[in-house]
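Below is one structure; the comments refer to it alone.
2 protein chains.
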Amino acid sequence: MRLSSMTDYAVVMMSAAARHCGAARVNAAELAAETGIPVPTAQKLASLLSKAGLIRSSRGSGGGIQLARPAAAISLADIVEAVEGPIAMTACVENGRHDCGLEDSCAVKPHWGAVNSAVRGALTGVTLASLSQEAQA
Amino acid sequence: MRLSSMTDYAVVMMSAAARHCGAARVNAAELAAETGIPVPTAQKLASLLSKAGLIRSSRGSGGGIQLARPAAAISLADIVEAVEGPIAMTACVENGRHDCGLEDSCAVKPHWGAVNSAVRGALTGVTLASLSQEAQA
DNA sequence: CATAATCGGAACGAATCAATCCGATTAAGG
DNA sequence: CCTTAATCGGATTGATTCGTTCCGATTATG
Chain Z
1 MRLSSMTDYA VVMMSAAARH CGAARVNAAE LAAETGIPVP TAQKLASLLS KAGLIRSSRG
61 SGGGIQLARP AAAISLADIV EAVEGPIAMT ACVENGRHDC GLEDSCAVKP HWGAVNSAVR
121 GALTGVTLAS LSQEAQA
Chain H
138 MRLSSMTDYA VVMMSAAARH CGAARVNAAE LAAETGIPVP TAQKLASLLS KAGLIRSSRG
198 SGGGIQLARP AAAISLADIV EAVEGPIAMT ACVENGRHDC GLEDSCAVKP HWGAVNSAVR
258 GALTGVTLAS LSQEAQA
């Protein structure tokens, strides 16, 4: 019940990118320096986020990345799914995996779908824009 | 964003125990045989669930375990916290851990509390009684 | 056309997790 | 009161996944 470090870094990185939204392109190394994330890790995250369509990446010298969507249109669920894949609490609901050993006799299995939807809804309700806001403390 | 196998097994095991609620005591080996969970794993889970106060264990010959509370009063969040510890999406909010490297400059940190509450609320809304119901499919 | 800087994917090492085994404790039965 | 039986509890081993790092392919610039 804890998201991986990669996802945590991805959220921090996206938040930093959101603050740089004005600047057309920011390279991954710059974001890494600001956030403290190791540079290779930031590059790997940039690849994942780019493939997921959350950011647009420009190659070549002077290139960099920028948000593909407004920060308000990017939810925490999007980032989690981009890094960790589909949100699935259990291996039962994964497609093609049948190593549970119970399968049909498991009375709990049919209920996981509702749980997944509830958790996903909770994460969808949090937008990147709200995460980028400064703390009110 | 996936709960561990131990938690998955714990939910299945608690569901099986709920169905045996009529029988005063059921030993862990019996539940393991019904659910297909390895016996040593079931024993370890029984220890965790007992320490968390979700089940009552009776030692000695003829002993076993039984639910400490009605199934409707046990939520999925209780089981998750019993096995995996407090629900915390990130290591930031863990008490005593300060290995993030960002700490104060992290603008995202203050918002994780709300996310944790949202997810925890989603899990609290699912009771063991509803999980024990047969599938309506 | 040559150069430089970037993204993309693949390989290595470390840490956590899951499963297993053995000892201590406890209640019942003779 | 003693023996027996069955259970919890913690410690060890192995495997899987995660995190990090490095190298090659691509692309805009000078």
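Going down the list, the sequences are from chains Z and H.
Reading the first sequence from the start, the letters are residues 1 to 137 in the working numbering.
Reading the second sequence from the start, the letters are residues 138 to 274 in the working numbering.
C-beta: ideal position from N, C-alpha, C; glycine also.
Values in this document were obtained by computation on a predicted structure and should not be read as measured data.
Integer-rounded CB distance, given that residue j should sit under 8 Å from residue i
| i | j | result |
| --- | --- | --- |
| Z/T175 | Z/A71 | Because chain Z spans 1 through 137 in this model, residue 175 of chain Z falls outside it and cannot be assessed. |
| H/R139 | Z/M6 | At roughly 13 Å, the Cβ-Cβ gap does not stay under 8 Å, so H/R139 and Z/M6 are not in contact. |
| H/L191 | H/D215 | 6 Å |
| Z/L76 | Z/L31 | Actually they do not touch by this definition, with Cβ atoms about 18 Å apart. |
| H/T172 | H/M150 | 6 Å |
Buried versus exposed call for residue i [16 or more other C-beta atoms within 10 Å across all chains shown]
| i | result |
| --- | --- |
| Z/S58 | exposed |
| Z/G64 | buried |
| Z/A82 | buried |
| Z/A33 | exposed |
| H/A210 | exposed |
| Z/A137 | Note on Z/A137: pLDDT 48, under 50, position unreliable in the model; the coordinate value appears next. Exposed, because fewer than 16 other Cβ atoms sit within 10 Å of the Cβ of Z/A137. |
| H/V176 | exposed |
Rounded separation between residue i and residue j - CA only
| i | j | result |
| --- | --- | --- |
| H/A296 | H/V148 | Examination of residue 296 of chain H is not possible in this model, given that chain H is present from 138 through 274 alone. |
| Z/S145 | H/S198 | For chain Z, the structure presents residues 1 to 137; residue 145 of chain Z sits outside this window and is missing. |
| Z/V189 | Z/R25 | Because residue 189 of chain Z is not part of the residues shown, which for chain Z are 1 to 137, the question remains open. |
| H/L182 | Z/V119 | 24 Å |
| Z/S117 | H/A251 | 18 Å |
| H/T178 | Z/S132 | 43 Å |
| H/W249 | H/I224 | 11 Å |
| Z/R56 | H/A154 | 51 Å |
| H/Q203 | H/A166 | 13 Å |
>> In chain order, what are the residue ranges of uninterrupted beta strand (DSSP E) at least 3 long that sit wholly in the stretch 52–82 of chain Z?
In response: 55–58 and 64–67
> When you check each C-beta in the stretch 171–190 of chain H against every C-beta of chain Z, which residues fall closer than 8 Å?
Replying inline: T172 and G173
>> Against chain Z, which members of the stretch 190–215 of chain H pass a CB distance test of less than 8 Å?
In response: L213
> Between the stretch 216–232 of chain H and chain Z, which residues of the former have CB atoms less than 7 Å from a CB of the latter, in chain order?
Replying inline: V217, E221, I224, A225, M226 and T227
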